[in-house]
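Visitor: Pasting in a structure now, in structure tokens, and then I'll have a few things to ask.
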Amino acid sequence: MTGSYSNFVDVLTCLHRDPHRLTVMRLADLTTMGVGGAPDVLRTCIATNELIERVRKLDDARENVLILGGGSNIVMGDEPFRGTVLQVATRGIEIDAGEKIVRLTVAAGEPWDELVELCVVNGWSGIEALSGIPGLVGATPIQNVGAYGQEISQVIESVRVLDRATGSIEVFDNDECMFEYRSSIFKREPNRRLIVAVGMALQIDSQCVVRYADLASYLGIDVGGSATPVDVRSAVMALRAAKGMVLDVHDEDSRSAGSFFTNPIVSEEIASGIPAACPRYPSAAGVKLSAAWLIENAGVTKGWRLTEDARARVSKKHTLAIVANGGATAGEVIELADRIQQLVFTKYAITLEPEPTLVNCALAGTS
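In this note's numbering, the protein residues as written are 1 to 367.
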């Protein structure tokens, strides 16, 4: 295992125990992909008011600002970041428990999986299938984080934000968030708003319905059957680990930004031209196709790389993840992603869209 990945895990531990000890200056050391140049300024905000005021002042001064959460869904370019990086480390959970529903108001800087574990231990259901996802709570509404049949939009009641255009604090209800598959108003209008807290409502229930086939199969039940949140979390963690999707210093395949491409949503007409073997799911906007299937059937295999000695490669466990090993640069990661995108487009005329945020780097595109 390369040193910088271990540094990232050490940084997370340090950050959440004593943020003032954070001295890392390379953004590679703050991301799970482990690539990225140094910023001009790096500051850590441990209080919500501090975070809000720093962003307001930097915006008023028209300075370039990057808000960095857990670093698990971002690919930073190799060039220095000209501006200030604000690392979100705000903490706090307000709990309002009723007879059947518990309402939580969670600071943006709370580690997501720690929140999931807290809920599961207390018998609060609704996010147990989202176990093992790295990153912070504040990032989850942006991409409407989802996995194994659950999405964060199913439990969100409100999102508290700083409107960076006006400097005011606003609260969005669920409808105003305009959630879609891996998207929201916060993703469609990037950098407009800073999420500072998320309000959610969970069921107080010893059982939860399992709606995802692979998860149900692992649990030995039918789709639509019930299991305890504890069992669901345990199963999801095992399934994710098998795909290299749980952070582990002993697993080089977890040195990634998770799934690099989203599952494309296409029209019925386009979907009808794709081989029936490709998994597909109904969507409000059309038909959702399996990006992993498209990638594999375009000739990309697990562990695939551009050349024999290339340092960036496809995960050995899952074709949706790109792994940066042995000192790979962001440029090498992007070059590999470009090639995968082009191969899929050439064979199926479908452009795969990147899931992580790309900063100081970009895909070449297929046009």
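Beta carbons are placed, not taken as given, at the ideal position from N, Cα and C, and that holds for glycine. Remember, it's a predicted structure, so these values are computed and weren't measured experimentally.
1. Near Asp18, which residues of its chain fall below 7 Å by C-beta distance, leaving aside the five closest residues on each side in sequence?
2. Give the C-beta separation of Lys316 and Gly299 to the nearest angstrom, bearing in mind that I take them to be a contact with Cβ-Cβ under 8 Å.
3. Just to confirm the assignment, what range does the alpha helix (DSSP H) spanning Thr366 have?
4. By the DSSP assignment, the alpha helix (DSSP H) with Asp113 in it spans what residues?
5. Could you name the residues of the same chain whose beta carbon sits closer than 7 Å to that of Phe260, not counting the 5 residues immediately before and after it, in chain order?
6. Let me make sure I understand the geometry here. Which of Ser183, Ala197 and Thr228 has the alpha-carbon closest to that of Val210?
7. Pull up the distance between the alpha-carbon of Val85 and that of Arg43, whole angstroms please.
8. With DSSP run on the structure shown, which of helix, strand or coil describes Val11?
9. When every heavy atom of the ligand FAD is checked, does at least one fall within less than 8 Å of the C-beta of Ala47?
10. Could you say which of Gly138, Ala284, Leu30 and Val223 lies nearest to Phe186 if we only look at CA atoms?
11. Which of the three DSSP states is assigned to Thr166 in this structure?
12. Report the start-end ranges of each alpha helix (DSSP H) in the region 15-102 that is 4 residues or longer and not cut off at the edges.
13. Below 8 Å on the Cβ atoms is my contact criterion, and I expect Glu332 with Ala310 to pass it. Report the Cβ-Cβ distance as a whole number of Å.
14. According to DSSP, what are the bridge partners of Met200?
15. Quick check on Leu247: does DSSP put it in helix, strand or coil?
16. Which whole-angstrom value describes the C-beta separation of Val155 and Ala201, a residue pair presumed to lie in contact below a C-beta threshold of 8 Å?
17. Is it true that the region 285-295 meets the region 215-227, where meeting means three or more beta-carbon pairs spaced less than 8 Å apart?
18. Taking all protein chains shown into account, do 16 or more other C-beta atoms lie within 10 angstroms of the C-beta of Ile169, making it buried, or fewer, making it exposed?
19. Classify Ile334 as helix, strand or coil using the three-state DSSP reduction.
20. Considering only the alpha carbon of each residue, which of Arg160, Ile350 and Ile127 lies closest to Ser272?
21. Could you please give the first and the last residue of the uninterrupted beta strand (DSSP E) stretch that includes Leu289?
22. Which of helix, strand or coil does DSSP assign to Ser184?
23. Look at the alpha carbon of Ser158 and the alpha carbon of Pro134, and state the distance between them as a whole number of angstroms.
24. Alpha carbon to alpha carbon, how far is Arg262 from Ile142?
25. Using only the alpha-carbon positions, how far apart do Ala47 and Leu30 sit?
26. Report buried or exposed for Ala291, applying the criterion of at least 16 other Cβ atoms within 10 angstroms of its Cβ.
27. If we count the other Cβ atoms within 10 Å of its Cβ and call it buried at 16 or more, is Pro275 buried or exposed?
28. For Glu53, which residues from the same chain have a beta carbon less than 6 Å from its beta carbon, with the 5 sequence-adjacent residues on both sides left out?
29. Just reading off the alpha helix (DSSP H) that Pro229 is part of, what are its end residues?
30. For Val314, which beta-bridge partners are listed by DSSP?
31. Cα separation between Leu27 and Glu99?
32. Give a yes or no on contact between the region 120-128 and the region 174-185, applying the rule of three or more CB pairs nearer than 8 Å.
33. For Gln150, I'd like the list of residues in its chain whose CB is within less than 6 Å of its CB, leaving aside the five on either flank, ordered along the chain.
34. From this set, Ser254, Asp60, Arg255 and Leu289, which residue's C-alpha is nearest Ile270's C-alpha?
35. Buried or exposed, going by whether 16 or more other CB atoms sit within 10 Å of the CB of Ala147?
36. Going by the beta-carbon positions, is the gap between Tyr218 and Ala238 smaller than 9 Å?
Guide: The structure says:
1. Below a pLDDT of 50, predicted positions are generally treated as unreliable, and Asp18, at 44, falls in that range; the measurement from the model is reported next regardless. Excluding residues within five positions, none has a Cβ falling inside 7 Å.
2. Contact flag wrong, Cβ pair sits at about 17 Å.
3. Neither: Thr366 is in no alpha helix (DSSP H) and is coded neither H nor E.
4. Trp112 to Val121
5. Leu320, Ala321, Ile322, Ala337, Pro354, Glu355 and Pro356
6. Closest option to Val210, Cα to Cα, is Thr228.
7. 6 Å
8. Residue confidence is low: Val11 scores 41 on pLDDT, short of 50, so the model does not pin down where it sits. No coordinate-derived value is stated.
9. This structure lacks the ligand FAD; in fact it carries no ligand of any kind.
10. Gly138
11. coil
12. Whole alpha helix (DSSP H) segments, 4+ residues: 48-60.
13. 7 Å
14. Bridge partners of Met200: Leu104 and Ile156.
15. coil
16. 6 Å
17. no
18. exposed
19. Annotated three-state conformation of Ile334 is helix, per DSSP.
20. If you compare the alpha carbons of Arg160, Ile350 and Ile127 with that of Ser272, the shortest gap goes to Ile350.
21. Gly286 to Leu289
22. coil
23. If you take the alpha carbons of Ser158 and Pro134, they lie about 22 Å apart.
24. The sequence shown places Thr at residue 262, not Arg. Thr262 and Ile142: Cα-Cα distance of roughly 14 Å.
25. Using only the alpha carbons, I get a separation of about 19 Å.
26. Here Ala291 is buried: its Cβ has 16 or more other Cβ atoms, across all protein chains shown, within 10 Å.
27. exposed
28. none
29. Pro229 to Ala242
30. Ile322
31. For Leu27 and Glu99, the distance between alpha carbons rounds to 45 Å.
32. When C-beta atoms of the region 120-128 are compared with those of the region 174-185, fewer than three pairs fall below 8 Å, so the two segments do not count as touching.
33. Ala129 and Leu130
34. Leu289
35. For Ala147, the number of other beta carbons within 10 angstroms of its own is at least 16, and it is reported as buried.
36. yes
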